[in-house]
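Order-wise, the sequence lines are chains A and B.
For the first sequence, the numbering used here assigns the number 3 to the initial residue and increments by one for each residue that follows.
For the second sequence, the numbering used here assigns the number 74 to the initial residue and increments by one for each residue that follows.
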Amino acid sequence: MTEARAGAETEGASAEPASALAPPPLARMGVAVLALVGLLIATYMLLHRLGVVGRLICGPEGACEIVQSSKWATFLSLPVPLVGVLGYLVLLVVAVLGLQPPWARDRRVSVVLVVLSGIAVAFTAYLTAIEAWVIHAWCRWCLGSAAVIVLILACALVDLVRVSRREEAL
Amino acid sequence: MSPQSKRAAPAKSPYRAFYWILIAVALVGIGALVFAVVRARTGGSAAMAPVKIDSTSLRAIAAKATPEKLGPDNAPVKLVIFSDYTCPYCGQWAAQVQPRLMQDYVNPGKLQIVYYDFPLGTEGEHKYAYLAARAAHCGGEQGKYWEMHDYIFGRQSDWMYALTPPVKTYEQYARTVGVDPQKFNACLESDRYADVVTAEHELGVQLGVNATPTVIINERRLSDPGLQDYNGLKQTIEQAAGTGAR
């Protein structure tokens, strides 16, 4: 038994130097945490849309309800919060999978994250412009989600740069 | 502790910390969502009690109390009713007397019914009196006041004794009568119309109303609002029309 444990420790020790040298992909971790925050915000909005959570906690003016009940709150027959839930879920899954050993330094993961979050930022910019110039009401949760997705794009870009530099160094 | 295990700790810690953060964020978020759902199911932020109104003067209260009306403004007779959605006799009046009055007098333009809310309380069987009154007003916001009025009265037993505020039940009524449920919910889950309902109740109190349904024709309070003797009510309306007084 003692020998077996010693063997395991030796095996672990032989695997450690490589992982110890590689810095943890913090930007990718950031994407995962932010995607989870965005997922929770989008879920809250979706539950409101489904009439499960009643009135949104959104300040005294009911601006969130105005935005949520507008015709712009539906995209391609889907409620916009559902689009958000699906989008953040995909980002979360990709980011967490991208932290696993086979893909931790895979450039393709970084590219997928940048492309997905880039599309999401463009969509969010469109929705924010609608709020500003068409509906004339600001939904705080939507703005929160917008901030989250912009941060996700920033983290994804940092991750892409990190992985690209590493590949060049090798 | 071996040198190998000393090296292992710093290599694992960023991932471990990351997963802990992820779990913590998920737990806090799910907890908040569950809280929001439970809060909504137990009535949420929907106002269910009278609110403070700015002035106690009769003029100010009357200005804030905006009754719902059936029939033309130039009808020769006005019937003022103070009613409560949790009052069974009011439900009976709405189901039996009002339709007959509609047919006999309101539709021909001879009578206008002026409806004031007079919630009888906030506890016991009247605990949802204010909420029901507000639900009807929220329906009225989309032009369906009387449809909601009829639904709420017609199904009193379905919601009056509910353990939690019957917000979902009213929403179902709203859907049935063709009210946009989202706008209705936004209205009901706020304190909208709480001031109107409170003012209408206060107006009733200042006019000496102490029971429901109280029916007033030509400043005369009727001892029987037509529940026992509809012909007596008809006679009173005919007399009022004959004198031309309002």
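C-beta atoms are modelled at their ideal positions from N, C-alpha and C, and glycine is treated no differently.
Check: At a Cβ cut of 9 angstroms, what residues of the region 28-58 of chain A count as close to chain B, listed as they run along the chain?
Finding: 28, 31, 34, 35, 38, 39, 41, 42, 43, 45, 46, 49, 50, 51, 53, 54, 55, 56, 57 and 58
Note to self: Using a Cβ-Cβ distance cut-off of 8 angstroms, determine whether residue 88 of chain B contacts chain A.
What the structure shows: Here residue 88 of chain B corresponds to residue number 15 of the second sequence, with the count starting at 1. True, the Cβ-Cβ gap to chain A drops below 8 angstroms.
Checklist line | Interface flag, residue 255 of chain B vs chain A, CB-CB below 8 angstroms | finding: Reading the second sequence from its first residue, position 182 is the one you call residue 255 of chain B. Yes, residue 255 of chain B counts as interfacial toward chain A.
Notebook entry, point to check: Counting only beta-carbon atoms, is residue 72 of chain A nearer than 8 angstroms to chain B?
Noted result: Position 70 of the first sequence, counting from 1, holds the residue named residue 72 of chain A. Taking Cβ atoms only, chain B never reaches closer than 8 angstroms to residue 72 of chain A, which makes this a no.
Check: Where do the ends of the alpha helix (DSSP H) carrying residue 278 of chain B lie?
Finding: Translated into positions along the second sequence, residue 278 of chain B becomes position 205. Residue 278 of chain B -> alpha helix (DSSP H) spans 267-279.
Next item on the list: Could you tell me how far apart the beta carbons of residue 199 of chain B and residue 159 of chain B are, in whole angstroms, since I believe they sit closer than 8 angstroms?
Entry: The count along the second sequence starts at 1 and reaches residue 199 of chain B at position 126. The count along the second sequence starts at 1 and reaches residue 159 of chain B at position 86. Rounded, the Cβ-Cβ distance is 5 angstroms, consistent with contact.
Check: Does at least one heavy atom of the ligand COA sit under 7 angstroms from the Cβ of residue 137 of chain B?
Finding: This structure does not include the ligand COA; it has no bound ligands of any sort.
Next item on the list: Determine contact between the region 98-117 of chain A and the region 133-144 of chain A, defined as no fewer than three beta-carbon pairs at a distance below 8 angstroms.
Entry: no
Checklist line | Members of the region 98-114 of chain B near chain A, C-beta cut-off 9 angstroms | finding: 98, 99, 101, 102, 103, 105, 106, 109, 110, 112, 113 and 114
Checklist line | Residues sharing a beta bridge with residue 289 of chain B, DSSP | finding: Here residue 289 of chain B is taken as the residue at index 216 of the second sequence, counted from 1. DSSP, once it has assigned bridges, lists B:153 and B:294 as partnering residue 289 of chain B.
Margin query: If contacts are defined as beta-carbon pairs under 8 angstroms, then residue 1 of chain A and residue 154 of chain A qualify, I think. What distance do you get, rounded to the angstrom?
Written below: Residue numbering for chain A in the displayed model covers 3 to 172; residue 1 of chain A lies beyond these limits and cannot be assessed.
Check: Considering residue 171 of chain B, what are the terminal residues of the alpha helix (DSSP H) in which it resides?
Finding: For the purposes of this step, residue 171 of chain B is taken as the residue at position 98 of the second sequence. Start and end: 171-174.
Note to self: Below 8 angstroms, how does it come out for the region 177-191 of chain B and the region 141-156 of chain B: are there three or more Cβ pairs, yes or no?
What the structure shows: yes
Next item on the list: If I'm right that residue 239 of chain B touches residue 248 of chain B with Cβ under 8 angstroms, what's the distance once you round it to whole angstroms?
Entry: In the second sequence, residue 239 of chain B corresponds to position 166, counting from 1. In the second sequence, residue 248 of chain B corresponds to position 175, counting from 1. Incorrect: roughly 14 angstroms between the Cβ atoms, too far for contact.
Item checked: Amino acids of chain B, ordered along the chain, whose beta-carbon sits closer than 7 angstroms to that of residue 26 of chain A -> By one-based count along the first sequence, residue 26 of chain A stands at place 24. 87 and 88, listed in chain order.
Check: To which residues of the same chain is residue 295 of chain B closer than 6 angstroms at the C-beta, ignoring the five residues directly before and after it?
Finding: The residue labelled residue 295 of chain B in the question sits at position 222 within the second sequence. If we look at residue 295 of chain B and ignore the five residues flanking it on each side, its Cβ neighbours are 288.
Checklist line | Alpha-carbon to alpha-carbon, residue 210 of chain B and residue 157 of chain A | finding: For this step, residue 157 of chain A is matched to residue 155 along the first sequence. For this step, residue 210 of chain B is matched to residue 137 along the second sequence. The alpha-carbon atoms of residue 157 of chain A and residue 210 of chain B are separated by roughly 49 angstroms.
Check: With 16 as the cutoff for other CB atoms within 10 Å, does residue 171 of chain B come out buried or exposed?
Finding: Taking the first residue of the second sequence as position 1, residue 171 of chain B is located at position 98. Buried, by the Cβ-count rule.
Check: Hey, is residue 122 of chain B's beta-carbon within less than 8 angstroms of any beta-carbon in chain A?
Finding: Looking up residue 122 of chain B in the second sequence gives position 49. Taking Cβ atoms only, chain A never reaches closer than 8 angstroms to residue 122 of chain B, which makes this a no.
Checklist line | residue 100 of chain B versus residue 59 of chain A - alpha carbon distance | finding: Indexing the second sequence from 1 puts residue 100 of chain B at position 27. Indexing the first sequence from 1 puts residue 59 of chain A at position 57. Looking at the two C-alpha atoms, the distance is approximately 19 angstroms.
Margin query: Contact criterion: CB-CB distance below 8 angstroms. Does residue 95 of chain B meet it with respect to chain A?
Written below: Stepping through the second sequence from its first residue, residue 95 of chain B is reached at position 22. For residue 95 of chain B, the answer is yes, since a Cβ of chain A falls inside 8 angstroms of its Cβ.
Check: Should residue 91 of chain B be flagged as near chain A, meaning a C-beta pair shorter than 8 angstroms?
Finding: Looking up residue 91 of chain B in the second sequence gives position 18. It does; some Cβ of chain A falls within 8 angstroms.
Margin query: Tell me which residues of the region 248-281 of chain B have at least one Cβ-Cβ distance to chain A shorter than 7 angstroms, keeping chain order.
Written below: 254, 255, 256, 258, 259, 262 and 263
Next item on the list: Determine, using beta carbons only, whether residue 304 of chain B comes closer than 8 angstroms to chain D.
Entry: In the structure shown, chain D does not exist; the protein chains are A and B.
Margin query: Just to confirm my understanding: we take residue 122 of chain A, look at its own chain, exclude 5 residues before and 5 after, and list those with CB closer than 7 angstroms. What are they?
Written below: For this step, residue 122 of chain A is matched to residue 120 along the first sequence. Same-chain partners within the cutoff: 89 and 151.
Next item on the list: In the DSSP assignment, find the unbroken beta strand (DSSP E) run with residue 186 of chain B in it and report its ends.
Entry: As a first step, residue 186 of chain B is located in the second sequence; it is residue number 113 there, counting from the start. From DSSP, the beta strand (DSSP E) with residue 186 of chain B extends over 184-190.
Notebook entry, point to check: Do the region 276-287 of chain B and the region 260-267 of chain B meet, that is, are 3 or more Cβ pairs less than 8 angstroms apart?
Noted result: no
Check: For residue 87 of chain B, which of helix, strand or coil comes out of DSSP?
Finding: Here the question's residue 87 of chain B lines up with position 14 in the second sequence. Of the three classes helix, strand and coil, the one that applies to residue 87 of chain B here is helix, per DSSP.
Next item on the list: Whole angstroms is fine: what's the gap from residue 230 of chain B's alpha carbon to residue 28 of chain A's?
Entry: In the second sequence, counting from the first residue as 1, residue 230 of chain B sits at position 157. In the first sequence, counting from the first residue as 1, residue 28 of chain A sits at position 26. Between residue 230 of chain B and residue 28 of chain A, the C-alpha separation is close to 59 angstroms.
Checklist line | Which of helix, strand or coil DSSP assigns to residue 237 of chain B | finding: The sequence position of residue 237 of chain B within the second sequence is 164, counting from 1. Of the three classes helix, strand and coil, the one that applies to residue 237 of chain B here is coil, per DSSP.
Checklist line | Spatially closest choice to residue 33 of chain A from A:138, A:91, A:77 and A:76, by CA coordinates | finding: To locate residue 33 of chain A, count along the first sequence from 1; it is residue 31. The candidate whose alpha carbon is nearest that of residue 33 of chain A is A:91.
Check: Excluding the five sequence neighbours on either side, which residues of its own chain have a C-beta within less than 7 angstroms of the C-beta of residue 168 of chain B, listed in chain order?
Finding: Residue 168 of chain B sits at position 95 when you count from the first residue of the second sequence. Cβ neighbours of residue 168 of chain B beyond the five flanking positions: 226 and 227.
Item checked: Reduced DSSP secondary structure (H/G/I, E/B, other) of residue 145 of chain B -> Along the second sequence, one-based indexing puts residue 145 of chain B at 72. Note: residue 145 of chain B maps to coil in three-state DSSP.
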